[in-house]
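Asker:
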Amino acid sequence: MDETHRGRITKDGIRIYEDADFAGMQAAGQVAAQILDEVAELVVPGATTEEIDAFIERRVTELGTTSATIGYKGYKHASCISTNYVVCHGIPGSKIPGHKDDKLLDGDIINIDVTVIKDGWFGDSSRMYFAGKPKKFAERLVQVTHDCLMFGIEQVKPGNTFDDIARAIQEHAQKHRMSVVRDFCGHGLGRVFHAPPNVLHYVPHRRPGDSAPVLEEGMFFTIEPMINLGRPETKVLSDDWTAITKDKKLSAQFEHSIGVTATGCEIFTLSPAGKFYPTYEV
Numbered sequence: 001m002d003e004t005h006r007g008r009i010t011k012d013g014i015r016i017y018e019d020a021d022f023a024g025m026q027a028a029g030q031v032a033a034q035i036l037d038e039v040a041e042l043v044v045p046g047a048t049t050e051e052i053d054a055f056i057e058r059r060v061t062e063l064g065t066t067s068a069t070i071g072y073k074g075y076k077h078a079s080c081i082s083t084n085y086v087v088c089h090g091i092p093g094s095k096i097p098g099h100k101d102d103k104l105l106d107g108d109i110i111n112i113d114v115t116v117i118k119d120g121w122f123g124d125s126s127r128m129y130f131a132g133k134p135k136k137f138a139e140r141l142v143q144v145t146h147d148c149l150m151f152g153i154e155q156v157k158p159g160n161t162f163d164d165i166a167r168a169i170q171e172h173a174q175k176h177r178m179s180v181v182r183d184f185c186g187h188g189l190g191r192v193f194h195a196p197p198n199v200l201h202y203v204p205h206r207r208p209g210d211s212a213p214v215l216e217e218g219m220f221f222t223i224e225p226m227i228n229l230g231r232p233e234t235k236v237l238s239d240d241w242t243a244i245t246k247d248k249k250l251s252a253q254f255e256h257s258i259g260v261t262a263t264g265c266e267i268f269t270l271s272p273a274g275k276f277y278p279t280y281e282v
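Reminder that position 75 of the sequence shown reads as 75 in UniProt numbering, one-by-one numbering, no gaps.
#1: Relative to the alpha-carbon of Ile160, which residue among Arg231, Thr261, Val192, Thr245 has its alpha-carbon at the smallest distance?
#2: What residue does the beta strand (DSSP E) around Asp124 start on, and which one ends it?
#3: Do Thr115 and Asp102 count as a contact pair if the criterion is CB distance below 7 Å?
#4: What span of residues does the alpha helix (DSSP H) with Phe162 cover, start to end?
#5: So the candidates are Pro158, Val203, Ser271, Ser82; which of them puts its Cα closest to the Cα of Leu250?
#6: Using a Cβ-Cβ cutoff of less than 7 Å, which residues in the same chain neighbour Asp19 once the five nearest sequence positions on both sides are dropped?
#7: Could you check if Ala47 is buried or exposed, using at least 16 other CB atoms within 10 Å of its CB as the buried criterion?
#8: With DSSP run on the structure shown, which of helix, strand or coil describes Gly64?
#9: Straight-line CA distance for Ser257 to Arg191?
#10: CA-CA distance, Cys80 and Pro92?
#11: For a minimum of 3 consecutive residues, which ranges assigned as the beta strand (DSSP E) are wholly contained in the segment 197-240?
#12: Should Ile96 be labelled buried (16 or more other beta-carbon atoms within 10 Å of its own) or exposed?
#13: Measuring straight from C-alpha to C-alpha, what distance separates Lys133 and Thr66?
#14: Straight-line CA distance for Asp12 to Phe220?
#15: Which residues bound the alpha helix (DSSP H) around Thr115?
#16: At the level of alpha carbons, what is the spacing between Pro45 and Gln170?
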């Protein structure tokens, strides 16, 4: 059987991978996670997003992998770097919205998203960083967003549905008077970058009798909630990539790639150095 297409497809179009495939995803995910560990020391006031992306591109190659984003729909960079009220898909080297150039300032909050390909498998993860010392409300947003991701992951086990993941995320965000972005979502992956299902981070309105797909062992996907301090609406800038909050209030995001196991899930993109949640020097 063609390795690219092994495993059955559910009625919802979701591929079910085999036990042996978990090792490939783990290896790819760990490269992405290692790079995100290493880049942390570069995220300081005065650093530029162009410099950070150049480091990431170099490490992707040195670690024997390929960038999944360079050349993807014309994209030219090895990462997306989204600062403050940029929700996602911030372009390295471009002027940071609200700044005069691409230089990080003290107190900025930054999401860095990296996807690599190793032996045909995709490792996709993003996490938040602080440049200098964040404001208290910014730090709180990042903490809530991290917790939203982890509460969502807690719901991943066979028999639960994708709405269970979404509900856990949405309820935690709303409990803290924050909102969940609806214009972007997580996605299936494996030997392709984006595949079914769309992994929503809020519970959609469904028609009577309609239900969310049920989680099954062997499903691979990302959970990547984007949480806003203000309203959930976003808009994409004229570069056709950069998405910002319409009200220009802060946004944060964390992302893990995971696989459903017989009893729960395996997180492929855990930080090797335990640095997934950001800290800063006082």
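Idealized CB from N, CA, C, for every residue including glycine.
Keep in mind that this is a model prediction, so the values were computed, not measured.
Answerer: According to the data block:
#1: Looking at the sequence shown, residue 160 is not Ile but Asn. Comparing Cα positions, the closest option is Thr261.
#2: 121-130
#3: no
#4: 162-175
#5: Ser82
#6: none
#7: buried
#8: coil
#9: 13 Å
#10: 7 Å
#11: 220-223, 226-228, 234-236
#12: buried
#13: 33 Å
#14: 14 Å
#15: Thr115 -> not in any alpha helix (DSSP H); beta strand (DSSP E) instead, spanning 109-118.
#16: 32 Å
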